[in-house]
Amino acid sequence: MNPMGRYTRPAIVLHWLVALLIFVAFPLGVYMHELPLSPGKLQLYSYHKWIGITILMLASLRVVWRLTHTPPALPDSISGWQRRASQVVHGLLYLLILAIPLSGWLMSSAKGFQTVWFGVLPLPDLVGKDKALGEQLAELHQILNFILLFLVILHVGAALKHQFMERLPFMQRMGWGGKESS
Amino acid sequence: MKHAIHALAMLAWLASPAASAVEYRTVVPAQSAVQFEFRQMGVPIQGGFKRFVAQMAFDPARPEAARARIDIDLASIDAGSPEADEESAGRLWFNSKAYPKATFASSAIRALGNNRYEMHGTLTIKGRSRELVVPVSYSPGRTAAVFEGAFTLQRLDFGIGEGMWADVDTVANAVKVKFRIAATGK
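First to last, the sequence lines map onto chains F and V. Residue 0 is where the first sequence starts when you use numbering that gives the first Met the number 0, and the numbers rise one by one after that. Residue 0 is where the second sequence starts when you use numbering that gives the first Met the number 0, and the numbers rise one by one after that.
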């Protein structure tokens, strides 16, 4: 009956905001790059970059928060390999939500397009215009996203498995109900 | 004899650098550039033209007699990315098959003092002409003098970006054009 602990409220808010934005930015990225050049394509690229930079900011906060706060303990029934797998997948997810927007930002600079967040805040170009580097970063951005997709499927799959197959009240760890962990 | 002395004096006068003002009229393409900058979704994009033919005659002692003309090969555009280079040649942009060149021809030049000038002239792009006043600075140099200037044009005045591209919220209407022309007196 004792409900499992919850992540702290800032961690929960950041988790869902980042998740929501990834679920917008990812399909947008897949869709937009096949489009023929048009004003609409330029707009979509900008929106994608603005969302990506927003993810980078939120993810940075999230990682700092995670490093300074202990997440709620897993229930005892979770086996050793599952705990290790959980650590690895979460570690990689934290890494990717930083690395993917960063690779996109660098790619944009290398392709000669500065990123101007919401058309207002210009971000520095950390690399100069360089065609070959731009193509390499585009490839990296794509590969990292495929890895992210795979890990998100694992992440969501594991949460659903614990919640519904093992009947553990697992998803409230990141939910709005239940008791907050200290 | 008297004629011969006159002729010699004339030659000496012509050969003396102090007496003859330099007229800059040979453009050095390798030291010259035509560039532009515009905003796309709030992002500054730099570009330029690699090939152009500039002709000019400028005598600092007689600036009002100066003249300049530049013909820009629009196919030599660098519009910021390969995709944009290709797009810009299209019918909605420069339509550079039908209008291969952009031309500026001066009509009058006015000295403002301090090696600064105001060049009046006509800019023609895509069959559309507009009168312009362009500020130009003149920097004398040991081998070549440099003429620099910048002005802002509204791309829609010339039909650069028609149809869906006439939307100035995506690609701004204002395009800043910068030029640097180096010329020698030879």
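No residue lacks a Cβ here, since even glycine has one placed at the ideal position from N, Cα and C.
Within chain F, the residues placing a beta-carbon under 9 Å from that of V/W164 are S37, P38, ordered along the chain. A Cβ-Cβ distance of about 17 Å is found for the pair V/F51 and V/Y23, leaving them out of contact under the 8 Å criterion. With a threshold of 8 Å between beta carbons, F/G28 makes no contact with chain V. The residues L20, in chain order, have a CB closer than 7 Å to that of F/T53 in the same chain once the five nearest residues on each side in sequence are set aside. If the five residues before and after F/R61 are omitted, its C-beta is found closer than 8 Å to the C-beta atoms of A10, L13, H14, V17, Y93, I96, all from its own chain and listed in chain order.
Between the region 116-127 of chain F and the region 140-147 of chain F, the count of Cβ pairs shorter than 8 Å is below three; the stretches do not touch.
When CB distances to chain V are screened at a threshold of 8 Å, the residues of the region 86-111 of chain F falling below it are K110, G111, in chain order. Of the residues V/A74, V/T169, V/R154, V/G79, the one whose Cα lies closest to the Cα of F/L43 is V/T169. Contact residues of the region 73-102 of chain V toward chain F are G79, S80, P81, E82, A83, E85, E86 (C-beta to C-beta distance below 9 Å). Under the criterion of beta carbons closer than 8 Å, V/V133 and V/F150 qualify as touching, at roughly 5 Å. By the CB criterion at 8 Å, F/R172 and F/R65 fall outside the cutoff.
According to the DSSP assignment, F/F25 belongs to the alpha helix (DSSP H) that extends over 8-31.
With respect to the C-alpha of V/T183, the residue from V/Q54, V/A64, V/G41, V/Q45 having the closest C-alpha is V/Q54. A direct Cα-Cα distance of roughly 6 Å separates V/L155 from V/N172.
F/G90 is positioned such that its CB atom lies no closer than 8 Å to that of F/K48. Per DSSP, F/M173 lies in no alpha helix (DSSP H) and is assigned neither H nor E. Using a CB distance cut-off of 8 Å, F/G118 counts as an interface residue toward chain V. Around the CB of V/A78, 16 or more other CB atoms lie within 10 Å, so the residue is classed as buried.
Residue contact with chain F for V/G126: absent (no Cβ-Cβ distance below 8 Å to any residue of chain F). By the C-beta criterion, the region 127-142 of chain V is judged to be in contact with the region 109-117 of chain V, since at least 3 inter-stretch pairs fall below 8 Å.
When secondary structure is reduced to three states using DSSP, F/I152 falls in the helix class. Residues of the same chain with a CB within less than 6 Å of the CB of V/F103, apart from the 5 flanking positions on each side, are I69, G120, L122 in chain order. Exposure of F/V63 is indicated by the presence of fewer than 16 other C-beta atoms within 10 angstroms of its C-beta. In this structure, F/L136 keeps its C-beta atom at 8 Å or more from the C-beta atom of F/L159. Under the Cβ criterion (8 Å, minimum of three pairs), the region 31-51 of chain V counts as touching the region 109-122 of chain F.
The beta carbon of F/V115 falls within 8 Å of a beta carbon belonging to chain V, placing the residue at that interface.
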